[in-house]
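Visitor:
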């Protein structure tokens, strides 16, 4: 991730990555085949940390409340492991590459479905199915959109502001017609 952070995915060579990792080019080529293989392994690592962050935020909740659980999911998505400069640039490289690589595309779809499923399950506790699905799509779009705007701005991710926007969205969705 350090090489991608410094020079970008296209400019990061296997040799540069190997040098930063303190291993030979051959080791990287042997285990990962090419940069896409290395990117896939790196994304599996980031996605695993994303899942762990969400689980940790959910685990500390003292109540089984949909609002609190939705907030915890957002907080996990904005965990330090996901919003540091190297991780953000690696995610951007992954998203761009996933449009051209079946393996990366599949990994991206699994990650998208997991977020949507988690959000939908919580919204369904308070809203009718169709409305819960729309609310989940909206919240997933907010999470990705806030993250993407920050990544492209070059500025530090403002977690507090992003969470305020997400929390307001949750309240709007759950207070429309249904009290939860």
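Residue numbers (the working numbering): 213 to 392.
Glycine residues also receive a C-beta, built at the ideal position from the N, C-alpha and C atoms.
1. I'd like to know whether the C-beta atoms of residue 379 and residue 283 end up nearer to each other than 8 Å.
2. Does the Cβ of residue 353 have 16 or more other Cβ atoms within 10 Å, making it buried, or fewer, making it exposed?
3. Can you give me the start and stop residues for the alpha helix (DSSP H) that residue 322 sits inside?
4. Which runs of the alpha helix (DSSP H), 4 residues or longer, sit entirely within the segment 335 to 388?
5. Would you call the segment 351 to 365 in contact with the segment 310 to 317, where contact means no fewer than 3 C-beta pairs closer than 8 Å?
6. Mind the definition here: the segment 254 to 266 touches the segment 290 to 298 only if three or more C-beta pairs lie below 8 Å; say whether that holds.
7. To test your reading of the DSSP string, which unbroken alpha helix (DSSP H) runs of 4 or more residues are found completely within the segment 253 to 294?
8. Let me confirm a value: residue 372 is counted as buried when at least 16 other C-beta atoms fall within 10 Å, else exposed. Which label applies?
9. Looking at C-alpha atoms only, which residue of 303, 272 and 269 is the closest neighbour of residue 363?
10. Using a beta-carbon distance below 8 Å, is residue 292 in contact with chain B?
11. Which whole-angstrom value describes the C-beta separation of residue 375 and residue 286, a residue pair presumed to lie in contact below a C-beta threshold of 8 Å?
12. Applying the 10 Å Cβ sphere with the 16-neighbour rule, what's the burial state of residue 322?
13. Between residue 305 and residue 331, which are expected to be in contact by the criterion C-beta below 8 Å, what is the C-beta distance as a whole number of angstroms?
Guide: Taking the structure as given:
1. Position 167 of the chain shown, counted from the first residue, corresponds to residue 379. Position 71 of the chain shown, counted from the first residue, corresponds to residue 283. Closer than 8 Å, so yes.
2. Taking the chain shown and counting its residues from 1, the one referred to as residue 353 is at position 141. Per the 10 Å Cβ criterion, exposed.
3. For this step, residue 322 is matched to residue 110 along the chain shown. Looking at the DSSP string, the run of the alpha helix (DSSP H) that includes residue 322 is 314 to 335.
4. 341 to 365 and 371 to 386
5. no
6. yes
7. 278 to 289
8. To locate residue 372, count along the chain shown from 1; it is residue 160. Flag for residue 372 reads exposed.
9. Position 151 of the chain shown holds residue 363. With distances taken between Cα atoms, residue 363 lies closest to 303.
10. Note that chain B does not occur in the displayed structure, where there is just one protein chain.
11. The count along the chain shown starts at 1 and reaches residue 375 at position 163. The count along the chain shown starts at 1 and reaches residue 286 at position 74. With a Cβ gap of about 6 Å, residue 375 and residue 286 count as contacting.
12. In the chain shown, residue 322 corresponds to position 110, counting from 1. Its Cβ having fewer than 16 others within 10 Å, residue 322 is exposed.
13. In the chain shown, the residue the question calls residue 305 occupies position 93. In the chain shown, the residue the question calls residue 331 occupies position 119. Their Cβ separation, rounded to whole angstroms, is 25 Å, which puts residue 305 and residue 331 out of contact at 8 Å.
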